[in-house]
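Numbering (the numbering used here), first residue to last: -9 to 183.
Ideal Cβ placement from N, Cα and C applies to all residues, glycine included.
In this text the structure is predicted, and so the values were computed from the model without any measurement.
Notes for the one structure printed next.
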Ligand code: B4P
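Now the structure itself:
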């Protein structure tokens, strides 16, 4: 089983590249952002609890996200591996994920961290806000709040996995295919090694 984390700030291309990577490597795509948005769309109690936080660009509480991941892992016992997209987003989530994977006899194989300038992130997200129904992409204020949450709480996740030598940085600006090739090179090197 090969488990991958695609890491990076909001708008760095995690969701975009995850779709291509899951197809190529046969991994199960697990996006906490998508899972949370589908709870909101279904107006479930969980969705109602997180709706305002997400609209403000704040992170959802760790307990909610960890419980959600736990049940997805339980419901997918026979996959080749998971691609975690947008998770973990705090050190507490990373520690919880490591424990859950140990219980299942596996671990994180690689963390690919996309590096994109702040100016480019804002441009991409505002652009998506014009064409999608993502409420958190519409205002520059909410985008700034998301980038600030990333810097305060999420950047530390890379430090957590660096301790285990699992992080590779990838330049996340350029065409989607160029970045995809860079990511594939890192994965192929790791899987062969
Ligand atoms: P997410 O759904 O994870 O969304 P995101 O970080 O904004 O990035 P996303 O993956 O969607 O965008 P991408 O970079 O692919 O999170 C949303 C919210 O959910 C969070 O703010 C938080 O509230 C909550 N949440 C999720 N997970 C959580 C967790 N674990 N704990 C707590 N809260 C959690 O793409 C952005 C745009 O760039 C797209 O329009 C794309 O087309 C474009 N793009 C991509 N690559 C490009 C390229 N190379 N060139 C030009 N444009 C590109």
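**Report entry** For residue 18, the residue or residues it bridges with in DSSP
**Finding:** Looking up residue 18 in the chain shown gives position 28. For residue 18, which the question treats as bridged, DSSP gives the partners 72.
Query raised in the report: Does the pairing of the stretch 120 to 127 with the stretch 147 to 164 give three or more beta-carbon distances under 8 Å?
Result: no
Query - residue 69 beta carbon near the ligand B4P (any heavy atom closer than 6 Å) - result: In the chain shown, residue 69 corresponds to position 79, counting from 1. For the ligand B4P, not one heavy atom lies less than 6 Å from the Cβ of residue 69.
Query raised in the report: Would you call residue 101 buried or exposed, if buried means 16 or more other Cβ atoms sit within 10 Å of its Cβ?
Result: For the purposes of this step, residue 101 is taken as the residue at position 111 of the chain shown. Buried: at least 16 other Cβ atoms inside 10 Å.
Query - Meets three-Cβ-pair contact criterion under 8 Å: the stretch 36 to 51 and the stretch 60 to 67 - result: no
Query raised in the report: Any heavy atom of the ligand B4P closer than 6 Å to the Cβ of residue 35?
Result: In the chain shown, the residue the question calls residue 35 occupies position 45. Checking every heavy atom of the ligand B4P against the Cβ of residue 35, none is found closer than 6 Å.
Query raised in the report: Cβ of residue 120 versus every heavy atom of the ligand B4P: is any distance shorter than 6 Å?
Result: The residue given as residue 120 occupies position 130 in the chain shown. Residue 120 Cβ: outside cutoff for every heavy atom of the ligand B4P.
Query raised in the report: Is residue 151 helix, strand or coil when you go by DSSP?
Result: Residue 151 sits at position 161 when you count from the first residue of the chain shown. Residue 151 falls in the helix class under three-state DSSP.
Query - Sub-7 Å separation of residue 22 and residue 71 beta-carbons - result: The residue labelled residue 22 in the question sits at position 32 within the chain shown. The residue labelled residue 71 in the question sits at position 81 within the chain shown. Contact flag unset, no.
Requested in this report: Measure the Cβ-Cβ separation of residue 27 and residue 49 and say whether it is below 7 Å.
Outcome: Translated into the one-based positions of the chain shown, residue 27 becomes position 37. Translated into the one-based positions of the chain shown, residue 49 becomes position 59. Going by C-beta atoms, residue 27 is not nearer than 7 Å to residue 49.
Report task. Could you check which residue in 120, 123 and 112 has the C-alpha nearest to that of residue 132? Result -> For the purposes of this step, residue 132 is taken as the residue at position 142 of the chain shown. That would be 112, whose Cα lies nearest to the Cα of residue 132.
Query - Cβ-based burial, residue 2 [other Cβ within 10 Å; buried from 16] - result: Here residue 2 refers to the residue found at position 12 of the chain shown. Looking at its Cβ environment, which holds 16 or more other Cβ atoms inside 10 Å, residue 2 is buried.
Query raised in the report: Where do the ends of the beta strand (DSSP E) carrying residue 106 lie?
Result: Indexing the chain shown from 1 puts residue 106 at position 116. First-last for residue 106: undefined, no H or E at that position.
Requested in this report: Using DSSP bridges, identify the partner residues of residue -7.
Outcome: The sequence position of residue -7 within the chain shown is 3, counting from 1. Paired residue(s): 98.
Requested in this report: Please name the residue, chosen from 4, 20 and 6, that lies closest to residue -7 on a Cα-to-Cα basis.
Outcome: Working through the chain shown from its first residue, we reach residue -7 at position 3. Residue -7 has its Cα closest to that of 20, out of 4, 20 and 6.
Query - the ligand B4P heavy atom lying under 6 Å from the CB of residue 166 - result: Taking the first residue of the chain shown as 1, we reach residue 166 at position 176. Yes, Cβ of residue 166 sits closer than 6 Å to a heavy atom of the ligand B4P.
Query raised in the report: According to the neighbour-count rule (16 or more other Cβ atoms, all chains shown, within 10 Å of its Cβ), is residue 61 buried or exposed?
Result: Taking the first residue of the chain shown as position 1, residue 61 is located at position 71. With fewer than 16 Cβ atoms within 10 Å of its Cβ, residue 61 is classed as exposed.
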